[in-house]
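Q: Sending over a structure as structure tokens; questions will come in a sec.
Numbering (my numbering), first residue to last: 5 to 85.
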């Protein structure tokens, strides 16, 4: 799986499950400030990552991830590891 496939999957679940407007999702978009992801939604995203990518992400992993691109790169590092 490459970074573009990961971005497509993440973009899809952010739009479908989290109801984030597609126009708000860009590589440099900030997860909290631009996309409006709050602490309750982080829990849902952690579950979606497990379902989509097959690894357990902890909510605290999300703390250091600021942008959509950082989030996708984090997933890539776990998927290829």
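Beta carbons are placed, not taken as given, at the ideal position from N, Cα and C, and that holds for glycine. Please read all numbers here as calculations on a predicted model, not as lab measurements.
CB-CB under 6 Å to residue 20, same chain, minus the five flanking residues each way: which ones, in chain order?
A: The sequence position of residue 20 within the chain shown is 16, counting from 1. For residue 20, where only same-chain residues beyond five positions count, there are no Cβ hits under 6 Å.
Q: Drop a sphere of 10 angstroms on the beta-carbon of residue 61, count the other beta-carbons inside from all chains shown, and report buried for 16 or more, exposed for fewer.
A: By 1-based counting over the chain shown, the position of residue 61 is 57. Residue 61 is buried by the Cβ-count criterion.
Q: How about residue 74: is its Cβ closer than 7 Å to a heavy atom in the ligand MG?
A: In the structure shown, the ligand MG is absent, as is every other ligand, since no ligand is present at all.
Q: CB-CB under 7 Å to residue 34, same chain, minus the five flanking residues each way: which ones, in chain order?
A: Residue mapping note: residue 34 aligns to position 30 of the chain shown, counting from 1. Closer than 7 Å at Cβ, skipping near neighbours: 70, 71.
Q: Give the range of the alpha helix (DSSP H) segment to which residue 73 is assigned.
A: Taking the first residue of the chain shown as position 1, residue 73 is located at position 69. First-last of the alpha helix (DSSP H) with residue 73: 72 to 83.
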